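Undergrad:
Residue numbers (the numbering used here): 171 to 252.
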């Protein structure tokens with residue numbers, strides 16, 4: 171088992187732990203998890219296989235579907251006013 175795979179497993183465990191935190195703490199830790207996920211997905215794709223990277227990206231989008239949808243709406247200009 172390679173280093174990127176071990177780190178991906180630890181990332182999933184960390185995301186699960188963060189999900190149990192109160193919402194005000196989820197924002198802080200979730201932001202750092204989302205940033206680190208981008209680098210981890212690229213590392214998985216380069217070192218193991220692009221298909222593993224695609225699977226990791228699908229898992230990431232599945233876990234962060236609400237925040238990603240919110241930011242997509244904001245970028246499209248359909249976010250909440252105020």
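The beta carbon of each residue, even a glycine, is placed where N, CA and C say it ideally should be. Everything numeric in this text was worked out from a predicted model, so none of it was measured.
Starting from the Cα of residue 212, find the closest Cα among 185, 188, 199, 228 and give me that residue.
TA: Closest by alpha carbon: 228.
Undergrad: Quick check: the Cα distance between residue 175 and residue 238, rounded to an integer number of angstroms?
TA: The alpha-carbon atoms of residue 175 and residue 238 are separated by roughly 24 Å.
Undergrad: Could you give the DSSP three-state label for residue 248: helix, strand or coil?
TA: Coil at residue 248, not helix or strand.
Undergrad: Taking three-plus beta-carbon pairs below 8 Å as touching, is the segment 175-191 in contact with the segment 199-207?
TA: A contact exists between the segment 175-191 and the segment 199-207.
Undergrad: Please list the segments of the alpha helix (DSSP H) lying wholly inside the segment 172-213, counting only runs of 4 or more residues, in order along the chain.
TA: If we require 4 residues or more, the alpha helix (DSSP H) runs fully inside the segment 172-213 come out as 173-189.
Undergrad: Helix, strand or coil for residue 294 per DSSP?
TA: The chain is shown only over 171 to 252; residue 294 falls outside these bounds and no answer can be derived.
Undergrad: Could you check if residue 178 is buried or exposed, using at least 16 other CB atoms within 10 Å of its CB as the buried criterion?
TA: Buried: at least 16 other Cβ atoms inside 10 Å.
Undergrad: Would you kindly work out how many angstroms separate the C-alpha atoms of residue 234 and residue 246, rounded to a whole number?
TA: Each residue's alpha carbon lies about 18 Å from the other.
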